[in-house]
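This report concerns only the one structure given below.
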Amino acid sequence: MKLTHPPHAVSRLRANRLLRSTRPFMARGGPHGERCAGCRLVLSHCLCHLRPIVATRAGVCLLMAEHETLKPSNTGWLIADVVPDTMAFGWARTEVDPALLALLADPQWQPYVVFPGEFVAPERVVDQLLPEAIGDECAAVHQKRPLFILLDATWSEARKIFKKSPYLLPFPVLSLAPEQLSRYRLRSSKRDDHLCTSEVAAVCLSMAGDTLAAQTLDAYLDVFSDHYLRAKQQVKVNWDDELHQRLQALTSTDRC
């Protein structure tokens, strides 16, 4: 399927990762493993035409483990689909992308490392945004914009990234206590309160006052998961079900 949008940060990171591969990457999919380059789904279940883009005050910085960009089930991709100011960087222990350091030093942003507070020194932990970073979808832009740093990896990989990234030390750690259990169905987790990356981003966006973007991202995850599982089970998409209707209603909502 032809792409209707230019490649976003995660798409570009994936392309660079594939260039470094020593052998072709074969994702499971159709008869020959074909997947749409725009949404990573089997071609028969492509949802590129449903992609919602919602302007936000907040930005998202994804630090991605080595193989995350190659996984069709990765949900950092969905964040980049929805949130225009999504930046993505591959994580390595021995080197840091200069563009990442420049982003973290940019005075327009107030970075927050999103990570469970139980594993962090108490003096670094916050459970809400600093006053200057709180706004709403129509707020003036004279305040610093929140930048949520999400560690897009398995739990063990995320702990390694957090511990071995000294450039993250100057920033507060935002510890979330979301009320909802995870609805993510594409990978298993030992704990229901472990949210997938896009669910975490939706909670953060809501805290920043980007309510429409948060709701849209949640709805988009539900539709993506539905298409993914239907493709896996070789079941046709129900384009008129409640999930699709909810996403359509949100994408037609008037924006300020």
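In our numbering, the protein residues as written are 17 to 272. Where is the CB? At the ideal position from N, CA and C, for every residue including glycine. Bear in mind the structure is a predicted one, so any value in this text is a computation, not a measurement.
Nearest to Lys87 by CA position, among Ala235, Leu211, Val26 and Lys160, is which residue?
Taking the sequence shown and counting its residues from 1, one reaches residue 87 at position 71. It is Val26.
Around the C-beta of Arg30, are 16 or more other C-beta atoms found within 10 angstroms, so that it is buried, or is it exposed?
One-based indexing of the sequence shown puts residue 30 at position 14. Classification of Arg30: buried, given that the 10 Å Cβ count is 16 or more.
Among Val189, Glu258, Asp242 and Ala217, which one has its Cα closest to the Cα of Val99?
The sequence position of residue 99 within the sequence shown is 83, counting from 1. Considering only Val189, Glu258, Asp242 and Ala217, the residue with the shortest C-alpha distance to Val99 is Ala217.
Measure the Cβ-Cβ separation of Asp226 and Ala96 and say whether it is below 8 Å.
Locating residue 226 in the sequence shown gives position 210, counting from the first residue. Locating residue 96 in the sequence shown gives position 80, counting from the first residue. Ala96 is positioned such that its CB atom lies no closer than 8 Å to that of Asp226.
What residue range does the beta strand (DSSP E) around Thr227 cover?
Here residue 227 is taken as the residue at index 211 of the sequence shown, counted from 1. For Thr227, there is no enclosing beta strand (DSSP E); the enclosing alpha helix (DSSP H) covers residues Thr227 to Lys248.
Start and end residues, beta strand (DSSP E) containing Cys77
On the sequence shown, residue 77 is found 61 positions in, with the first residue counted as 1. Going by DSSP, Cys77 is part of the beta strand (DSSP E) stretching over Gly75 to Met80.
Phe131, buried or exposed, once every other Cβ within 10 Å from all chains shown has been counted against 16
Along the sequence shown, read from residue 1 onward, the residue named residue 131 stands at position 115. When all chains shown are included, Phe131 counts as buried.
Tell me which residues share the same chain as Glu84 and place their Cβ nearer than 7 Å to its Cβ, disregarding the 5 neighbours each side in the sequence.
Start at 1 with the first residue of the sequence shown, and residue 84 comes out as number 68. Within the same chain, Glu84 has close Cβ partners Asn90, Gly92, Asp168 and Ala169.
Whole-angstrom Cβ separation of Pro127 and Leu120, contact assumed at under 8 Å?
Position 111 of the sequence shown, counted from the first residue, corresponds to residue 127. Position 104 of the sequence shown, counted from the first residue, corresponds to residue 120. That pair is a contact at about 6 Å.
Proximal residues to Arg207 (C-beta, below 7 Å), its chain only, five neighbours per side dropped
Counting from one through the sequence shown, the residue named residue 207 turns up at place 191. Only weak support is given to the placement of Arg207: the predicted model assigns it a pLDDT of 46, under 50, and the question is left unresolved by the model.
For Arg271, is the classification buried or exposed, using 16 other Cβ atoms within 10 angstroms of its Cβ as the cut-off for buried?
Locating residue 271 in the sequence shown gives position 255, where the first residue counts as 1. Annotation note: pLDDT 49 at Arg271 (below 50); position unreliable, no value reported.
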